[in-house]
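Notes for the one structure printed next.
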Amino acid sequence: MAWALDLDGVVWLGTEGIPGAADSVAALQDAGETVLFVTNNSGRRVVDVEAKLAENNLRMNGPASRRDLIRRVSYDVTGLPPSAKEVDAFVAESEQHPDAAYAALVDRLLASPHYGERWGRHWLDVIRFGESIGYERNDIINNIWPFRDYVIRSLNHDKPFDRFILEHLAGDVVGRGDPDVEVGVAFLVAGPFDDVGNKDAAQAALIRANALDDMITATGSAFLGMTINCAKCHDHKFDPISQVDFYAMQAIFEGVKHGDRSIPLTAKQKQLLDDMAAAAKNLRTRLKKF
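In structure tokens form, the structure reads like this:
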């Protein structure tokens with residue numbers, strides 16, 4: 000096995016696909032098949048991992064058992080443990096066709112609805128999604144759950160990321176009449192919102208400016224990977240974002256306001272809500288005894 004580990008933490012196996020690697024293999028060889036080399040022609044130092052471990056009477060972990068492997072992959076992809084039956088089936092299949100068994104396992108987990116539920120949580124964190132408005136009232140937003148389901152559904156359907164972004168920013172425009180697309184624009188108002196209100200004109204204007212700033216900040220952080228809200232007071236000190244750029248973005252979102260909007264539910268969603276309402280009514284009835 001050929002290993003290369005540069006000091007930036009990027010690990011490569013072999014030399015294939017690494018620009019210039021074939022011409023820059025260092026004369027660092029370990030016992031056995033391990034060869035360590037720089038990953039390009041920039042002269043980066045290489046780290047002889049196995050030699051360093053040996054100096055400290057340590058060695059690399061061996062390959063995971065098939066039982067450990069299915070547990071690790073299952074937790075990573077879906078956040079759920081495999082059943083005993085699934086473990087036994089994977090171990091048995093791996094004895095005959097290890098590579099095919101692993102590929103089938105990954106495909107099955109990626110096709111699971113739990114994949115979107117697991118990884119959708121991370122995206123909801125990125126876009127500062129919350130089911131309450133924050134501030135001193137911190138009211139629960141009872142009707143934002145369709146956006147959460149939209150994110151899960153988009154991941155499970157492997158929606159192209161550029162389309163995903165477009166629906167977040169303008170779902171009501173590009174998907175007009177399609178509730179499953181229109182709901183994407185709830186991203187803009189999924190963050191904290193001060194709904195207390197203020198009769199002072201200056202304070203009311205500040206509250207509105209803060210609401211727009213939240214939309215701009217979320218957009219920049221999620222889709223550009225940078226904070227741009229500091230440019231509302233001055234040109235960005237490190238990135239090429241001017242104060243003019245900030246207020247140009249604010250103009251784009253100027254027409255967006257917080258509020259409730261009815262979205263038609265599918266028959267499945269209606270049935271689910273009816274079942275939940277019936278279950279809640281039953282629990283309330285039982286709790287009256289106490």
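Counting in numbering that gives the first Met the number 0, the sequence shown runs from 0 upward without gaps. Ideal placement from N, C-alpha and C gives every residue a C-beta, glycine not left out.
Look at the stretch 97-173 and you find these whole runs of alpha helix (DSSP H), each 4 residues long or longer: 97-109, 112-125, 144-155, 160-173.
For residue 181, the secondary structure class from DSSP, reduced to helix, strand or coil, is helix. Judged by their CB atoms, residue 255 and residue 187 are nearer to each other than the 7 Å cut-off. For residue 181, the CB contacts under 8 Å within the same chain, skipping 5 residues up- and downstream, are 170, 171, 174, 175, 262 in chain order. By the Cβ neighbour-count rule, residue 265 is exposed, with fewer than 16 other Cβ atoms within 10 Å of its own. Nearest C-alpha to residue 268 among 109, 178, 98: 178. Counting along the chain, the unbroken alpha helix (DSSP H) around residue 93 starts and ends at 83-95. The Cβ atoms of residue 109 and residue 77 lie no closer than 7 Å to each other. The continuous alpha helix (DSSP H) containing residue 216 extends over residues 200-218. If you draw a straight line from the Cα of residue 70 to the Cα of residue 202, it is about 54 Å long. At the C-beta level, residue 125 and residue 221 come within 7 Å of one another. At the C-beta level, residue 258 and residue 217 stay beyond 7 Å of one another. Using a Cβ distance threshold of 7 Å, residue 240 and residue 227 count as a contacting pair. Assignment of residue 64 by DSSP, reduced to helix, strand and coil, places it in the coil class. Assignment of residue 261 by DSSP, reduced to helix, strand and coil, places it in the coil class. Between the beta-carbon of residue 100 and that of residue 93 there is about 4 Å, and that keeps the pair under the 8 Å contact cut.
DSSP, read as helix, strand or coil, puts residue 240 in coil.
The C-alpha of residue 141 is placed about 14 Å away from the C-alpha of residue 133.
Around residue 137, the same chain offers 131 as residues with beta carbons nearer than 6 Å, after the five sequence neighbours per side are excluded.
Per DSSP, residue 275 is one residue of the alpha helix (DSSP H) stretching across 266-286.
Rounded to the nearest angstrom, the gap between the Cα atoms of residue 51 and residue 234 is 48 Å.
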